[in-house]
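Residue numbers (full-length UniProt numbering): 1 to 65.
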């Protein structure tokens with residue numbers, strides 16, 4: 001899958017560094033874009049890791065979906 005803003009870059013490579021370690025995210029904009037990319041790529045693990053501990057869905061909520 002190609003990235004619309006930069007067709008030479010594949011989606012799965014665009015935020016690879018951020019998806020490998022949430023601590024490498026340096027700005028709110030990069031966090032937002034990396035979460036959008038994770039959603040497109042169905043990277044559930046990263047989406048769960050990127051939630052703040054006070055807003056994370058509970059295990060009961062996760063089982064609904």
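Even for Gly, the Cβ is constructed at its ideal location relative to N, Cα and C.
Check: Segments of 4+ residues assigned as alpha helix (DSSP H) that fall wholly inside the UniProt domain "YchJ-like middle NTF2-like" (27-62); Outcome: 28-40 and 44-49
Check: Residue 23 classed as buried or exposed, judged by whether at least 16 other C-beta atoms fall within 10 angstroms; Outcome: exposed
Check: Backbone CA spacing between residue 32 and residue 57 [nearest angstrom]; Outcome: 18 Å
Check: Top-ranked residue by Cα proximity to residue 16, from 54, 43 and 29; Outcome: 43
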